[in-house]
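For the sequence shown, full-length UniProt numbering gives the first residue as 1, with consecutive numbering after it. Every residue, glycine too, gets a C-beta built ideally from N, C-alpha and C. Below: one structure, written as structure tokens.
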Amino acid sequence: MQKQMAEEPWTDVNYFGINHAKSVDERNLLFCQEMNTEVLEFDPSSSNYVERLMPSTAETSSASSPQPSNFTTMAHVRKLDIIDQVKTLLIHAKLMSFSEICSVLHPPANEQTVLKCIQQHAVLVQGSWVVKSELVYPKGKTSAFSCSTSETLCRARDYILYRFTQSRTIQRNDIISMVKLTENDVNDLIQQVATRSVNVGWEFKLPYDENFVQR
Numbered sequence: 001m002q003k004q005m006a007e008e009p010w011t012d013v014n015y016f017g018i019n020h021a022k023s024v025d026e027r028n029l030l031f032c033q034e035m036n037t038e039v040l041e042f043d044p045s046s047s048n049y050v051e052r053l054m055p056s057t058a059e060t061s062s063a064s065s066p067q068p069s070n071f072t073t074m075a076h077v078r079k080l081d082i083i084d085q086v087k088t089l090l091i092h093a094k095l096m097s098f099s100e101i102c103s104v105l106h107p108p109a110n111e112q113t114v115l116k117c118i119q120q121h122a123v124l125v126q127g128s129w130v131v132k133s134e135l136v137y138p139k140g141k142t143s144a145f146s147c148s149t150s151e152t153l154c155r156a157r158d159y160i161l162y163r164f165t166q167s168r169t170i171q172r173n174d175i176i177s178m179v180k181l182t183e184n185d186v187n188d189l190i191q192q193v194a195t196r197s198v199n200v201g202w203e204f205k206l207p208y209d210e211n212f213v214q215r
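Below is the structure:
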């Protein structure tokens, strides 16, 4: 046995720490960088936008295709109290206009009451409400693409939201250079609230809600 071990060829290896640039690059190769280049159209004006996110019932689902554990129907949401309805809607949709939130609550609630509930769970960006980062990345959660912590992801997402309070569009490379996250992480953060426009950059998903801002 010792003779076999002595005769077995050795391979030289270089060790890199988990956060070393080489390690990050190699780890990113495990993920699909881009499935296609098609830009999907986002229609925020569609009246059934929320219904597409959370169907009225789960009756149409079949036993052969079970729903994910975090699947929520509107029928379930409407059994919650107003503040939890607002929270659940925002977590699933990521961003909504004030009028859209009010339109799907059941039973209908006073606008001032709804606004107080929204302010607990969302921040105002271009007249629309975006769910707070700590609800998307609660403490202890890590990135699906890297070892980034929830605190790091929250700071990066908050910076992206800040940039959208200053402009309709942002450039991904500018964000990457500032937040020091992987390309996959930044893509995931931006795609929650923006769509890519050719030759323009990433544009905030919802139109500027001037009516709400001027209230």
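- When DSSP states are grouped into helix, strand and coil, Val-198 belongs to the coil group.
- The DSSP-derived three-state label of Ala-144 is coil.
- DSSP, read as helix, strand or coil, puts Ser-97 in coil.
- Within the same chain, Ile-82 come within 7 Å of Thr-113 by CB-CB distance, once the 5 residues on both sides are set aside.
- One thing to note: Ala-156 has its Cβ no nearer than 8 Å to the Cβ of Val-131.
- In chain order, Ser-133, Glu-134, Tyr-137 place their CB closer than 7 Å to the CB of Cys-154, counting only its own chain and leaving out the 5 sequence neighbours on each side.
- The closest CA to that of Ala-194, considering only Thr-142, Ser-103, Val-125, is found on Val-125.
- Selection Lys-116, His-121, Cys-147 evaluated against Gly-17 yields Cys-147 as nearest (Cα-Cα).
- Our two residues, Ser-97 and Leu-115, have alpha carbons roughly 11 Å apart in a direct line.
- Exposure of Lys-79 is indicated by the presence of fewer than 16 other C-beta atoms within 10 angstroms of its C-beta.
- Judged by DSSP in its simplified three-state form, Thr-182 adopts coil rather than helix or strand.
- Taking C-alpha positions only, Leu-105 is separated from Val-86 by approximately 8 Å.
- Under the DSSP assignment, Val-213 falls outside any beta strand (DSSP E), being part of the alpha helix (DSSP H) whose first and last residues are 210-213.
- Listed in chain order, the non-local C-beta contacts of Glu-111 below 7 Å within the same chain comprise Cys-102, local neighbours out to five positions each way being set aside.
- The alpha-carbon separation between Gln-120 and His-76 amounts to approximately 21 Å.
- Looking at the backbone, the Cα of Ile-160 and that of Asp-209 are separated by about 19 Å.
- In the three-state reduction of the DSSP assignment, Ser-128 falls in the strand class, which pools E and B.
- Asn-14 and Gly-201 have their alpha carbons spaced roughly 39 Å apart.
- Straight across, the Cα-Cα distance linking Ser-197 with Glu-203 is about 7 Å.
- Contact check for Leu-89 against Lys-205 fails: the beta carbons are separated by 8 Å or more.
- In the structure shown, Thr-73 falls within a coil segment according to DSSP collapsed to helix, strand and coil.
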